[in-house]
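Heads up: the structure comes next, in structure tokens.
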């Protein structure tokens, strides 16, 4: 597909084959230099641990076209660090930060024609991943590994502007106590497919998971992090060993403090204390912020600011972060890597 056939205004979040992807192998105790390839098919052993035992992790990040034509890669060092933590949790060799960032830049350059134009709200989405491969059958770490990054153009998550969505509290657990909840591994997402599907069939955007120990505290919203704004303008987001530490969440924490002057609290968000919040949202790479209109719990819908209008603090946070990502607002030091 050439970029001339892409309708930038109608881009969604779907796989599109682009020109090049990065591919590197770990063999005999070290990663090779890696290469860019046109081939988007991986040829791996049928005994690969990624297939049988879920030994794999991944990341999600974006590159943005700026008004002056330059390209911004948003906080790739943080994605590198998080993937290193995920690899360590699953006994996989991790990719050094510099190698990770250089590989990301190479993929962006090689697929520059697929970056949505400035002003469309779109971006080039990057998917780095590490998988265990090689001939194996026992439950043990793989003899070989693949590190790869591919890229796809994605559109603005909200067509026509931010839109609040309602969510349903799930009776399922997203992750186990002392499990892999804080790592970005595929098994966490596989476990979320059924409860997420059930929530959508009930006409909710997705489900919200409570803490696996007590089922009394909000942990995550589908595959995104939760935050709430209290009536006295505190920014509160869950902190737990089974919550994935999102890059968007981290960025909103810093901007809420430094740009909006909000007090930030990382702590418990009790499900029976929803009335403490005047606004709520989910945050992640795909949408940046998804405003939460209401949360259904025990067959009762608790509405925050509105089911149809976005709260003013959420709007300010969204405008600030997206402005930083696209270069329209000055970024905190170290947040932007120019490609």
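Numbering (full-length UniProt numbering), first residue to last: 1 to 339.
We put the beta carbon where it would ideally sit given N, CA and C, even for glycine.
Distance from residue 231 to residue 278 at the Cβ level is roughly 5 angstroms; contact confirmed, criterion being Cβ atoms closer than 8 angstroms. Taken through DSSP and simplified to helix, strand or coil, residue 335 comes out as coil. Leaving aside the five residues that flank residue 283 on each side, the residues in its chain whose CB is nearer than 7 angstroms to its CB run, in chain order, 224, 225, 227, 246, 248, 249, 252, 289. Remark: C-beta atoms of residue 129 and residue 58 approach each other more closely than 8 angstroms. As summarised for the segment 75-136, the continuous alpha helix (DSSP H) elements at least 4 residues long and confined to that stretch are 76-89, 97-110, given in chain order. By the 16-neighbour rule on beta-carbons within 10 angstroms, residue 42 is exposed.
Counting along the chain, no beta strand (DSSP E) covers residue 321; the unbroken alpha helix (DSSP H) around it starts and ends at 312-325.
Leaving aside the five residues that flank residue 19 on each side, the residues in its chain whose CB is nearer than 8 angstroms to its CB run, in chain order, 38, 110, 111, 113, 114.
Within the same chain, 324 come within 6 angstroms of residue 331 by CB-CB distance, once the 5 residues on both sides are set aside. When DSSP states are grouped into helix, strand and coil, residue 302 belongs to the strand group.
DSSP places residue 216 in the coil class of the three-state scheme, outside both helix and strand. Counting along the chain, residue 144 sits inside the beta strand (DSSP E) bounded by residues 144-154. Residue 5 sits in a helix when the DSSP states are folded into three classes. For residue 52, the enclosing alpha helix (DSSP H) has its first and last residue at 49-52. A straight-line Cα-Cα distance of about 18 angstroms links residue 60 and residue 50.
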